[in-house]
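All you need for my numbering is the position in the sequence shown, starting with 1, plus 971. Here's the structure, in structure tokens; my notes come after.
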Amino acid sequence: MKLFKLLLLTNLTLFSFISCEKKVTSASELFELTIKNAKKTYTPKDRFSVSVNNKKNNTIDSVVYYMNSERVISSMDLSEKMINLKDQKLGNRSLIAKVYSEGNEYEVSKKVTLLSFIKPKLYTYTILEEYPHDTTAYTQGLEFSKDTLYESTGQYKNSTLRKTDYKTGTVLTTIPLADAYFAEGLTILNNKIYQLTWREKTGFIYDLETLKKTGSFVYGKSLEGWGLCQDGTSIFKSDGTQKIWKLNANTLAEEDYIEIYTNSSKIKSVNELEWVEGKIYANIYLKDAIAIVDPKNGAVEGVIDLTTLKNKVTVANPEDEVLNGIAYKGEPNILYITGKNWNKLFKIKIIEK
């Protein structure tokens, strides 16, 4: 028994020695990424100097800097390099330095927050026309195809896709969803209607003319399904956070995203979307306003104040006074606006304050 214990102790000691020999040194033990005169936040107008501190004086082959996954600049040594933020998207970004040393690759990083340098313009509105709207329509998505209005309505056991005569409020065709789905935003591209569901991680595809369901798609990294719009080439999707995802129109894969920021803060709960004259117009959930967003970097360029609009509608439940529904018909500075279970659809003209 004593011999067995001695052999066991010897083996454990040997294993411990081998384990220590194979221990991999972490990147942070060897290198540190430094931003000269670092600030709490930046804007795309800023630039800063970065360098890597070589804590153990290792031999350096090269250093490559990235902003998230985008390669920015490289160096053959650890000297300071200038990072220009001009074309960077807004939000929380990861500045990454990949250090190549003695045949190994090490990665160190720092978080960088970019805000917009634009103070949003403020807009108000004037009502041009009022049309009847079905008060049973819990509006989640709204979009024109020529002169016909298509609408997605939500709630479990009551979700639909609708084809509507917007002038009379008459619902021409209704396609109900299965009880397990809560419908959300929609958009129309290449004679197809794309409709989201809320928490079911599933979207549906319909033929524009017949409204026959032709397929479905699943979400990627986005949290939920909220709003949709399109620019003629790509589809944009909100997920209830500050993010708007860019989807491949053929595969519906999430290829990229922007984060919505003003010059002072991020905009959360981005909801129904509409593409208007090169910008994304976004309802902000539970806010009586629409944000005008630059689709390239996420900057809020303007805010349309619609606070008084809900005072002109009748709803059965005060909780249904939520503004949610933006449609654009190609008329400059004119939008069609409604809300959840509102009895009216408004044609409004946007005016800068």
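Cβ coordinates follow ideal geometry from the N, Cα and C atoms, glycine included.
TODO: Classify LYS993 as buried or exposed, calling it buried when 16 or more other Cβ atoms lie within 10 Å of its own Cβ.
DONE: With a pLDDT of 41 at LYS993, under the threshold of 50, the modelled position of this residue cannot be trusted; read the value that follows with caution. Counting of Cβ neighbours within 10 angstroms places LYS993 among the exposed residues, the total staying below 16.
Open item on the list: If you measure between the beta carbons of ILE1297 and GLY1269, is that distance less than 7 Å?
Closed with: No, the Cβ-Cβ distance between ILE1297 and GLY1269 is not below 7 Å.
Open item on the list: Just to confirm the assignment, what range does the alpha helix (DSSP H) spanning LEU1066 have?
Closed with: First-last for LEU1066: 1062-1072, but that is the beta strand (DSSP E), not the alpha helix (DSSP H).
TODO: Could you give the DSSP three-state label for VAL1293: helix, strand or coil?
DONE: coil
Open item on the list: Closest to GLN1201 by C-alpha separation, out of LEU1085, ILE1159, LYS1010, would be which residue?
Closed with: ILE1159
- [ ] Below 8 Å on the Cβ atoms is my guess for SER1130 versus THR1139; work out the distance and round it to an integer in Å.
- [x] Contact doesn't hold; Cβ gap of about 23 Å is too wide.
Open item on the list: Distance check for GLY1062 and THR1233, CA to CA, integer angstroms please.
Closed with: Rounded to whole angstroms, the separation of the alpha carbons of GLY1062 and THR1233 is 10 Å.
TODO: To the nearest angstrom, report how far apart TYR1177 and VAL1241 are at their CA atoms.
DONE: Between TYR1177 and VAL1241, the C-alpha separation is close to 25 Å.
Task: Segment contact, 8 Å Cβ cut-off, at least three pairs: the stretch 1079-1093 with the stretch 1112-1119 - done: no
TODO: Spell out the partners DSSP gives ILE1031 in its beta bridges.
DONE: Paired residue(s): none; ILE1031 is not in a bridge.
TODO: Pick helix, strand or coil for SER1187, following the three-state DSSP scheme.
DONE: strand
Open item on the list: What would DSSP say about ALA1108, mapped onto helix, strand or coil?
Closed with: coil
Task: THR1212 versus THR1005 - alpha carbon distance - done: 30 Å
Open item on the list: According to DSSP, is SER1123 part of a helix, a strand, or is it coil?
Closed with: strand
Open item on the list: Considering only the alpha carbon of each residue, which of ARG1170, TYR1071, LYS1183, LEU1294 lies closest to PRO1147?
Closed with: LYS1183
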